[in-house]
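See structure below.
There are 2 protein chains.
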Amino acid sequence: MTSTREKLALKAGLLFQQKGYHGVGLAEILQAAGAPKGSLYHHFPNGKADLALAAADIASTEMLRIIDSSFDPAQDYANGATTLCYKLAKFFDIQEGKIGCPVSATLLEGPDNATFQDALKAIFGAWIARIKDHAIRLGRGPEQAEKDAQLLFLTIQGGWTLARASHNSDILRGLPALVLSDT
Amino acid sequence: MTSTREKLALKAGLLFQQKGYHGVGLAEILQAAGAPKGSLYHHFPNGKADLALAAADIASTEMLRIIDSSFDPAQDYANGATTLCYKLAKFFDIQEGKIGCPVSATLLEGPDNATFQDALKAIFGAWIARIKDHAIRLGRGPEQAEKDAQLLFLTIQGGWTLARASHNSDILRGLPALVLSDT
DNA sequence: ATAGAAGTAGACCAATCAGTCTAGTCATGC
DNA sequence: GCATGACTAGACTGATTGGTCTACTTCTAT
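Line by line, the protein sequences are chains X and E. Position one of the first sequence corresponds to residue 1 (our numbering), numbered consecutively onward. Position one of the second sequence corresponds to residue 184 (our numbering), numbered consecutively onward.
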């Protein structure tokens, strides 16, 4: 039932995540999505760049969803942060250790376009802001919440990289112990 | 006085850092280094892959040097970590916000070769081990030192990404405040 | 002096790249 | 039933990719 457009963006996003923007050719994306080139340029008139932007948008929304689903049922911040890290580790395992941050691989490695840069900045800002919101809701002071959110974001970002390098999702699972030591 | 071989690896490393392994063509590297293709394949028989490995090696050595020069004169761990972050921020500014981790851009985005993966894992391990050594030398307990080193590495790694995304080296300078809150 | 190695120089190649274009299919509204 | 727009299909193009190859220069050791 997923539309061709959706399938293209989804598969492209996954491939970008694994190999980076320039590491994936249109041919590979097309084959993965089972779509011809005509469809791609019908749905994404600007081609690969449009595809990357759409893929990043989907990935960002999904990430926000994961953040919410981790913090919503949590009793306190530590609990939510831990759940988040474990969920990300699980995703990492499902993809067999080949994936990192879904948007930095797509947008940061792409052409040094202003559009890409702005989108990336906005997405990262939204993630941090969302974590901060949850932190405040769970009782952290505004200042502490800002620090909490930044630290969690940075370690997750770094954790993705290290987890990929060492093929070990336990690094993501060990994040809470590293970050929450002063709780 | 720098040899052609050295110049090739140096320029290639810088370009990989900015655009990722697949984002740079041999033509661009050759032009930047002012060398013809024959020289490249004379010094690096396996071409682009050899070049990336050599560039990553140089970058890793340089990073270890920066770590040492930050921690060696430090009175305590917090002091050394702060100096390190400020030095990295300065490098970031010099390159006009275009660079991130010198080796992950080169090796992680490259072909999913076992050689690349192993090299990356080894390099990251060496960085963390070096920070840990300094932490122990500066009086942290072995367990705490391991945590310190991991946390600093992860936040630097994440900080590079966020700094690039937001074109702001102050993120790197803000790392110590985030990481050392429980000192 | 000269042989041979080390290194430089760039023409050349097949493969792949992103992107364009025309033709055709399909669904929907009238 | 037919016209119209949405979408699929893939052949095709010019540029660029990494890599090979031969010719040439330069250095060094004898």
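A virtual CB, placed ideally from N, CA and C, is assigned to each residue, including glycine.
Where residue 325 of chain E falls, given that 16 or more other Cβ within 10 Å makes a residue buried: Residue 325 of chain E should be labelled exposed.
What residues of chain E sit near residue 121 of chain X, judged by a beta carbon separation below 7 Å? For residue 121 of chain X, the residues of chain E that pass the 7 Å Cβ criterion are 348, 349, in the order they occur in the chain.
Three-state secondary structure (DSSP) of residue 36 of chain X: Secondary structure at residue 36 of chain X: coil, using DSSP grouped into helix, strand and coil.
Can you check whether the CB of residue 344 of chain E is closer than 8 Å to the CB of residue 151 of chain X? The Cβ atoms of residue 151 of chain X and residue 344 of chain E lie no closer than 8 Å to each other.
From what residue to what residue does the alpha helix (DSSP H) around residue 179 of chain X run? Residue 179 of chain X -> alpha helix (DSSP H) spans 175 to 179.
Rounded C-beta distance between residue 98 of chain X and residue 18 of chain X? I'm assuming under 8 Å. Indeed they touch by this definition, with Cβ atoms about 5 Å apart.
C-beta contact flag for residue 171 of chain E and residue 178 of chain X at 8 Å: For chain E, the structure presents residues 184 to 366; residue 171 of chain E sits outside this window and is missing.
Would you kindly report the start and end of the unbroken alpha helix (DSSP H) that includes residue 278 of chain E? It is not in any alpha helix (DSSP H) - residue 278 of chain E carries neither H nor E in the DSSP assignment.
Below 8 Å, how does it come out for the stretch 226 to 246 of chain E and the stretch 185 to 201 of chain E: are there three or more Cβ pairs, yes or no? Contact check between the stretch 226 to 246 of chain E and the stretch 185 to 201 of chain E: three or more CB pairs, one atom from each, fall below 8 Å, which counts as touching.
Please work out which residues of its chain come closer than 7 Å, Cβ to Cβ, to residue 265 of chain E, disregarding the five sequence neighbours upstream and downstream, and give them in chain order. Spatial neighbours of residue 265 of chain E in its own chain (CB-CB distance under 7 Å, excluding positions within 5 residues in sequence) are listed in chain order as 359.
Is the Cβ of residue 220 of chain E closer than 8 Å to any Cβ of chain X? Not an interface residue.
Report, in whole angstroms, the separation of the C-beta atoms of residue 56 of chain X and residue 129 of chain X, which I expect to be a contact under 8 Å. 17 Å between Cβ atoms; not a contact.
Using a Cβ-Cβ cut-off of 8 Å, state whether residue 134 of chain X counts as contacting chain E. Not closer than 8 Å to any Cβ of chain E, the Cβ of residue 134 of chain X fails to qualify, so no.
What separation, rounded to the nearest whole angstrom, lies between the Cα atoms of residue 366 of chain E and residue 228 of chain E? Note that residue 366 of chain E scores a pLDDT of 46, beneath 50, so its modelled location is shaky; the value from the coordinates is reported in the next line. Each residue's alpha carbon lies about 50 Å from the other.
If you reduce the DSSP assignment to three classes, tell me which class residue 233 of chain E lands in. Of the three classes helix, strand and coil, the one that applies to residue 233 of chain E here is helix, per DSSP.
Taking residue 151 of chain X as the query, report the chain E residues whose CB atoms sit under 8 Å from its CB, ordered along the chain. By Cβ distance, chain E contributes 338, 361, 362.
Measure from the C-beta of residue 158 of chain X to each C-beta in chain E and report whether the shortest distance is under 8 Å. At least one chain E Cβ lies under 8 Å of residue 158 of chain X.
Scan the stretch 102 to 114 of chain X for residues whose Cβ lies nearer than 7 Å to a Cβ of chain E and list them as they occur along the chain. From the stretch 102 to 114 of chain X, only 104, 108, 109 have a Cβ closer than 7 Å to chain E.
Mind reading off the beta-carbon distance from residue 16 of chain X to residue 106 of chain X? Whole number of angstroms is fine, and I expect it under 8 Å. Contact flag correct, Cβ pair sits at about 4 Å.
Can you find at least 3 beta carbon pairs, one from the stretch 208 to 224 of chain E and one from the stretch 250 to 267 of chain E, that sit closer than 8 Å? Not touching, per the Cβ criterion.
DSSP-derived helix/strand/coil call for residue 295 of chain E: When DSSP states are grouped into helix, strand and coil, residue 295 of chain E belongs to the coil group.
Listed from N- to C-terminal order along the chain, which residues in the stretch 19 to 35 of chain X have their beta-carbon within a distance smaller than 8 Å of any beta-carbon of chain E? From the stretch 19 to 35 of chain X, only 19, 20, 21, 22, 23 have a Cβ closer than 8 Å to chain E.
Could you tell me how far apart the beta carbons of residue 355 of chain E and residue 268 of chain E are, in whole angstroms, since I believe they sit closer than 8 Å? Residue 355 of chain E to residue 268 of chain E, Cβ: 5 Å. Contact.
Does the CB of residue 124 of chain X have a neighbour CB from chain E at under 8 Å? With 8 Å as the cut-off, residue 124 of chain X counts as an interface residue toward chain E.
With C-beta atoms as the reference, is residue 145 of chain X less than 8 Å away from residue 64 of chain X? Result no, Cβ atoms of residue 145 of chain X and residue 64 of chain X do not sit closer than 8 Å.
Give the DSSP-derived three-state secondary structure of residue 226 of chain E in the structure shown. When DSSP states are grouped into helix, strand and coil, residue 226 of chain E belongs to the helix group.
With a threshold of 7 Å on Cβ separation, who are the neighbours of residue 211 of chain E within its own chain once the five nearest residues in sequence on each side are excluded? By the criterion of a C-beta distance shorter than 7 Å, residue 211 of chain E is surrounded in its chain by 198, once the five residues flanking it on both sides are discounted.
DSSP on residue 148 of chain X, reduced to helix/strand/coil? Of the three classes helix, strand and coil, the one that applies to residue 148 of chain X here is helix, per DSSP.
If you measure from the beta carbon of residue 194 of chain E to each beta carbon in chain X, is any gap under 8 Å? Contact with chain X is absent for residue 194 of chain E, since none of that chain's Cβ atoms lies less than 8 Å from the residue's Cβ.
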